[in-house]
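Quick mapping for you: the protein sequence lines, in order, are chains A and B.
By the working numbering, the letter at position 159 of the first sequence is numbered 159, and the numbering carries on one by one without gaps.
By the working numbering, the letter at position 257 of the second sequence is numbered 257, and the numbering carries on one by one without gaps.
See below for the structure under consideration.
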Amino acid sequence: MKYLGITLERPKIGVFDFTGCEGCQLQIANKEETLTDLFGLVEVVNFREISSERRNDYEVAFVEGSITTDNEVARLKKIRIQAKILVAMGACACLGGVNNLRSRFPLPDVVKEVYGGHPVDTGPVRKVTEVVPVDIELPGCPISKPEFEWLVRHLVLGIEPQFPRYPVCVECKQRLNSCVLDMGMMCLGPITRAGCNAVCPRNRFGCWGCRGPSDEANFESLMEILRERGFSEEHISERINFFNAFSGLLQ
Amino acid sequence: MNVKIGRPINIEIDHLSRVEGHGDIRIRIENGKLVECTWKVVETPRFFEVMFKGLSIEMAPLLAARICGICSISHALASARAIERALKIEIPEPAQKVRLLAKHAETLQSHTLHLFFLVAPDFLDVDSVIPLMQTHPQVVETAIRIKGFANRASDLFAGRTTHPMVIKVGGSTQVPRKRQLRELVKDLDATIPYLWEALDLFKSFTMPDFVRETEFVSLRGTEEYPFIGGDLVSSDGICKKEDEYRAMTNEYVVDFSTSKFSRLSRESFAVGALARFNNNYDLLHPKAKETAEELNLRLGEHNPFFYNLAQLVECFHVMYESKEIILRLIDSDISEFASHYRVRGCEGVGAIEAPRGILYHYYRIGEDGKIEKSDCVIPTSQNHVNIYYDLHKLVEELIEQGKGEEEIRNLSQMLVRAYDPCISCSVH
């Protein structure tokens, strides 16, 4: 295709899933109005959830889920060798996500609780960067459809994507939402990276940080405000740890 | 003599495509005899029952949603319902209606995804929906219109299609404004013609001729076709209360699968659209019954390929019923949508008809309002053994009919797909 007289490349993409719910890849398939445009911009050569075609000549790999077995490590390493650009997609891939909640307990106990004495192939929860280098992290639980499209446009045009540096609070104010913190709800909007269009506060539920910290997040100040408003340490810590998004910031 | 003796057939399908999650098919035929035929679940486990431990109940529906990217609304509903039944919380009428509408939006979204993106390519002889954009643009248009509506309805009633945040313990975080409801009715009316186009499309497909008599398990509705809670019934005559779900699922662990398996009266049973249809036919919307007739889908159908058609019938049901519910909501007071509650030690079960069949969540809650123990029984894990026995019988019949490797390969994959398995969900 041509844009302003320039021929655009039509990159070959692959979508791969590991330990997760496959909700992120569903966002891609779920793109109704713009689905035809998307498949015009990129050539999908490997996307098991929606297609039987499986080729290994992809240039961009979108990887969903955490890495929890040796098998997955080997499969991911192969994908890394093939892909020119590897995109970690969603909270499980970028942060470990909710999978990390099981890391509060020793692994043998975890297996025993669910499977009794039966052996299952599993291991510690790892985010994708703990196994292979990642070029781009597309955050969110799940990823946002418009942001995925925005990223694809950047990839096609060969422009490096710049994710918002500011927090969810900015997008929430832009939409003229009532502040859920002021309504007495816990909200991590002041420290979480924007890009989701404040979808949770917009639906009267405080942000819980699935997109990870924004640049220059004033973590201490938010903690002070939450304590002032009477939220217990336990309550705050449950919210902060939910997606494993702020592990470096939390004492 | 129609049995081809000679060349052995060896079919190995790793990570079957156009299904949610990872499953393998293995078929080995030697001297015209079936020596191996397995449906193997190779999904990596996530241990959700452990993740829930120690979590406060307000977070449970939000975590539950993450079990599945496709039926996250059902998981959030099952989770909230289990906790509400444990704490004996009555949720306000408007919240109940909004939940059912969210449920309907999910059913429509999930069934459309399955029928058009996962199933239709088999009948139109292509690898995926992508080539259909060139060859059958009107089919893709139909799918996109219906899915688009389902997603907009999910956004309005649940906050979004995947991982809703509106469903909370005690009711809803908010309900739509009446202006938004009126707009959605217009949107719905504009979408209905596409549903009739979908019917024409599926009428033109011939479902493979295969029957294996089985036991169907679902919720049983009293006044309405059931989606949220109620008695548990089987077509073999068993009826249990929601709290007795364990007597209905009898989960067990096997070495070759990370998904647990279930049984009831026989070696296997089936859940999902066809089970609901067979157990609740009388409660379907008249338009849905009309559709079933046009599709030649009759009460007591035991051909698993007809799961596809039962899903389409349910699309009609949820679409027409949604309109009636929304119109009633517009005419009623919807200012109350959440109940206050107090935590205490207790336990409870929530049963929901997820798109792929009956889903159960169970929690034991401590005095401090934290979850001490949980159990989730997933529709697809209840279907796995039934799929296994179906596959066996199908392949044996195909050998008997002298079919070649290509046809056995295709029909086996189509059979598994008909159940619309959600494998990552079944290994949660």
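Where is the CB? At the ideal position from N, CA and C, for every residue including glycine.
Bear in mind the structure is a predicted one, so any value in this text is a computation, not a measurement.
Please classify residue i: is it buried, with 16 or more other beta-carbons within 10 angstroms of its beta-carbon, or exposed?
i	result
A:L26	buried
B:Q109	buried
B:D375	buried
A:N56	exposed
B:L63	buried
B:K345	Here the sequence assigns Gly to residue 345 of chain B, which means Lys is not the residue at that position. B:G345 is exposed by the Cβ-count criterion.
B:Q311	buried
B:P421	buried
B:K186	exposed
B:A288	buried
B:E293	exposed
B:T191	buried
A:E160	exposed
A:R239	buried
B:D122	buried
B:E244	exposed
Quick one, which of the options has its alpha-carbon nearest residue i's?
i	options	result
B:E251	B:Q401, B:G159, B:E242, B:L264	B:L264
A:Y166	A:K84, A:S51, A:S214, A:A74	A:S214
A:A93	A:T19, A:K173, A:A194, A:S178	A:T19
B:V50	A:D70, A:M183, A:F246, A:R102	A:R102
A:L222	A:E33, A:D17, A:C169	A:C169
B:W39	B:T380, B:Q401, B:K403	B:T380
B:E397	B:P92, B:S412, B:V254, B:K287	B:S412
B:P137	A:L157, A:G14, A:T36	A:T36
B:A105	B:I70, B:F305, B:P61, B:L284	B:I70
B:Y419	B:A288, B:H114, B:T142, B:K168	B:H114
B:R328	B:P8, B:Q96, B:D14, B:R46	B:Q96
B:L295	B:I378, B:P355, B:L201, B:I334	B:L201
B:E321	B:E20, B:Y225, B:D24	B:Y225
A:M186	A:Q174, A:N197, A:R175, A:E233	A:E233
B:F305	B:V385, B:D390, B:E336	B:D390
A:R48	B:R18, B:K53, B:E58, B:L77	B:R18
B:F269	B:H302, B:G148, B:I326, B:Y341	B:H302
B:T112	B:L199, B:E43, B:R66, B:S172	B:L199
B:V431	A:D17, A:R175, A:N99	Here chain B has residues from 1 to 428 only, and residue 431 of chain B is not among them.
What in chain A is Cβ-close to residue i, meaning under 7 Å?
i	result
B:L329	Within 7 Å Cβ-Cβ: nothing; B:L329 doesn't reach chain A, min ~18 Å.
B:E20	E22, E49
B:S17	R48, S51, S52
Starting from residue i, trace the beta strand (DSSP E) both ways and give me its first and last residue.
i	result
B:G350	346 to 354
A:N46	43 to 47
B:F316	Per DSSP, B:F316 belongs to no beta strand (DSSP E); it is in the alpha helix (DSSP H), 307 to 330.
A:F16	12 to 17
A:N241	Per DSSP, A:N241 belongs to no beta strand (DSSP E); it is in the alpha helix (DSSP H), 233 to 241.
B:I11	9 to 13
A:G158	Here A:G158 belongs to no beta strand (DSSP E), and DSSP marks it neither H nor E.
B:R26	23 to 30
I want to verify the contact list: residues of chain B whose CB lies under 7 Å from the CB of residue i, in sequence order.
i	result
A:V44	I130
A:N177	The premise fails here: A:N177 is roughly 12 Å from chain B at the closest Cβ pair, so nothing lies under 7 Å.
A:T68	T44
A:E32	I144, K147, G148, N151
Quick one: which chain A residues come within Cβ less than 8 Å of residue i?
i	result
B:D127	S51, S52, E53
B:F117	A29, I50
Please list, in chain order, the chain A residues whose beta carbon lies closer than 9 Å to that of residue i.
i	result
B:H163	C21, G23, C141, P142, C210
Ordered along the chain, which non-local residues of its own chain (more than five positions away) have a Cβ less than 7 Å from that of residue i?
i	result
B:N10	R28
A:F163	R193, G195
B:L299	N278, Y281
B:R160	S154
Within a Cβ cutoff of 8 Å, which residues of the same chain sit near residue i, ignoring the five residues on either side of it in sequence?
i	result
B:E36	R26, I27, R28
B:R266	T214, E215, D236
Taking Cβ-Cβ distances shorter than 9 Å, what residues in chain B pair up with residue i?
i	result
A:R193	Those do not exist, as A:R193 stays about 17 Å from chain B at its closest Cβ, beyond 9 Å.
Looking at the secondary structure, which residues open and close the alpha helix (DSSP H) in which residue i lies?
i	result
A:C172	168 to 174
B:M207	Element bounds for B:M207: n/a, residue is neither H nor E.
B:C37	From DSSP, B:C37 is part of no alpha helix (DSSP H) but of the beta strand (DSSP E) over 33 to 41.
B:N151	137 to 158
B:V430	As shown, chain B starts at 1 and ends at 428. That puts residue 430 of chain B outside it, with no answer to give.
B:S412	405 to 418
B:C376	Counting along the chain, B:C376 falls outside any alpha helix (DSSP H), though it belongs to the beta strand (DSSP E) covering 371 to 377.
Give the residues of chain B in contact with residue i, contact being defined as C-beta atoms less than 8 Å apart.
i	result
A:C172	Ordered by position in chain B, no residue passes the 8 Å Cβ test against A:C172, which lies about 14 Å from the chain.
Cβ of residue i within 6 Å of any heavy atom in the ligand FAD?
i	result
A:F62	The ligand FAD is absent from the structure shown, which contains no ligands of any kind.
Leaving out five residues before and five after residue i in sequence, what residues of the same chain have Cβ atoms less than 6 Å from its Cβ?
i	result
B:R364	E347, E372, K373
B:V233	R220, C239, N279
B:I73	A102, E106, A158, P164
B:T162	G69, S72
Name, going along the chain, the residues of the region 111 to 122 of chain A whose beta-carbon falls closer than 9 Å to a beta-carbon of chain C. The chain labelled as chain C is not found among the protein chains of the depicted structure, namely A and B.
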